[in-house]
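Residue numbers (the numbering used here): 1 to 155.
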């Protein structure tokens, strides 16, 4: 059992590693009958996002801090891996990708580490009740991935 945890964009590399592992298994483990992997995250990650609401908007010294209804517990280590962030005004409508900029998205916890996104450009019209989506959180959050056991590191 080789586990899983492969992100979708690395599946081609993973396939090469799996072929190499299968060949090694055949060569070194003659009783090996089956090689099992769990591809769940590679199939679901891109299809899910974590949806949060804007709870508060604060502007100081040209930087806006937006507090969201979620926290880094909903997207652990979100700062370590890229996640696209989308915004939609309250009441529905279109979704807009938020590019890099001077603002921050903060979680609901009263902890200095509860920052969901540093350096994001928030729209001037962002308000309480608006929706913010952090993409790439299907299966389990991409930020929980580690290179160990994924087949992406060379042995």
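The beta-carbon is built from N, C-alpha and C at its ideal position, and this holds for glycine as well.
Query, Result
"Straight-line gap, residue 118 to residue 103 (C-alpha atoms, nearest Å)", "7 Å"
"Inter-residue Cα distance where the pair is residue 75 and residue 49", "10 Å"
"Test item: CB-CB of residue 132 and residue 105 under 8 Å", "yes"
"Reduced DSSP secondary structure (H/G/I, E/B, other) of residue 19", "helix"
"Burial state of residue 130, where buried means 16 or more other Cβ atoms lie within 10 Å", "buried"
"Cα-Cα separation between residue 128 and residue 136, rounded to whole angstroms", "24 Å"
"Residue 67 vs residue 126 beta-carbon contact at 8 Å", "no"
"Residue 154 burial status per 10 Å Cβ neighbour count (16 or more: buried)", "Model confidence at residue 154 stands at a pLDDT of 47, short of 50, so the residue's coordinates are unreliable and nothing is read from them."
"Exposed unless 16 or more other CB atoms sit within 10 angstroms - verdict on residue 87", "buried"
"Residue 52, DSSP secondary structure in three states", "strand"
"Short Cβ contact (8 Å threshold) for residue 71 with residue 114", "yes"
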